[in-house]
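What follows is a single structure, written as structure tokens, with notes after it.
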Amino acid sequence: VQLQASGGGLVQTGGSLRLSCATSGSIGSITSMGWYRQAPGKQRELVARITSREIINYADFVKGRFTISMDNVKNTVYLQMNSLKPEDTAVYYCNVQTYTRLVRSDYWGQGTQVTVSS
């Protein structure tokens, strides 16, 4: 199983980016997909998560600015990021959780850099 994240880059304050994370391989039954981020010197933190039943939760610091969505057919998760701020600068990681044959698994993408200039 592989997760391929893309869409990061350099953007000015107030700009937008759309991250994508595509899965490949025999991933099994997906229970949730999400995005985390890690800024230099800080711990990795949850940005947004969506379950297979489309229950969504966002970190407070992105509410109203970011939107997570999932394509169940393509097993791909997206993160639309609007009104970006310098403090959003971080490496963004996608995460997929599965539950197959009574086994829970956790997969991570390689990360994509998002840099917001002031």
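To get our numbering, take the position in the sequence shown, counting from 1, and add 26. Glycine included, C-beta positions come from ideal geometry on N, C-alpha and C.
- Task: Would you grab the beta carbon distance between SER32 and SER46 for me? Rounded to a whole angstrom, and I think it's under 8 Å.
- Result: Residue mapping note: residue 32 aligns to position 6 of the sequence shown, counting from 1. Residue mapping note: residue 46 aligns to position 20 of the sequence shown, counting from 1. Rounded, the Cβ-Cβ distance is 5 Å, consistent with contact.
- Task: Answer with buried or exposed for ILE76, where buried requires no fewer than 16 other C-beta atoms within 10 angstroms of its C-beta.
- Result: Position 50 of the sequence shown, counted from the start, is the residue given in the question as residue 76. By the 10 Å Cβ count, ILE76 comes out buried.
- Message: Considering only their Cβ atoms, is the gap separating VAL140 from MET59 smaller than 8 Å?
- Response: Along the sequence shown, one-based indexing puts residue 59 at 33. Along the sequence shown, one-based indexing puts residue 140 at 114. Cβ atoms of MET59 and VAL140: not closer than 8 Å.
- Item | Under 8 Å between C-beta atoms of GLY34 and THR138 | Stepping through the sequence shown from its first residue, residue 34 is reached at position 8. Stepping through the sequence shown from its first residue, residue 138 is reached at position 112. The criterion of a C-beta distance shorter than 8 Å is satisfied by GLY34 and THR138.
- Message: Rounded to whole angstroms, what is the Cα-Cα separation between ARG79 and TYR104?
- Response: On the sequence shown, residue 79 is found 53 positions in, with the first residue counted as 1. On the sequence shown, residue 104 is found 78 positions in, with the first residue counted as 1. Computed Cα separation, rounded: 16 Å.
- Message: Going by DSSP in three states, VAL27 sits in which element: helix, strand or coil?
- Response: Within the sequence shown, residue 27 is the residue found at index 1, counting from 1. Residue state, collapsed to three classes: coil.
- Would you identify the three-state DSSP class for VAL99, choosing helix, strand or coil? Within the sequence shown, numbered from 1, the residue matching residue 99 stands at position 73. When DSSP states are grouped into helix, strand and coil, VAL99 belongs to the coil group.
- Leaving out five residues before and five after ALA116 in sequence, what residues of the same chain have Cβ atoms less than 7 Å from its Cβ? For this step, residue 116 is matched to residue 90 along the sequence shown. Around ALA116: ARG63, GLN64, ALA65 and VAL140.
- Taking only the alpha-carbon atoms, compute the straight-line gap between TYR118 and TRP61 and give it to the nearest angstrom. As a first step, residue 118 is located in the sequence shown; it is residue number 92 there, counting from the start. As a first step, residue 61 is located in the sequence shown; it is residue number 35 there, counting from the start. Each residue's alpha carbon lies about 7 Å from the other.
- Query: Is it right to say LEU29 is buried, meaning 16 or more other beta carbons lie within 10 angstroms of its own, or is it exposed?
  - Reply: Position 3 of the sequence shown holds residue 29. LEU29 should be labelled buried.
- Beta-carbon proximity check, ALA48 vs LYS100, cutoff 8 Å: As a position in the sequence shown, residue 48 is number 22, starting the count at 1. As a position in the sequence shown, residue 100 is number 74, starting the count at 1. The answer is yes: Cβ separation under 8 Å.
- Looking only at C-alpha atoms, which of ILE53, GLN38 and VAL37 sits nearest to VAL129? For the purposes of this step, residue 129 is taken as residue 103 along the sequence shown, with counting starting at 1. The shortest Cα separation from VAL129 among ILE53, GLN38 and VAL37 belongs to ILE53.
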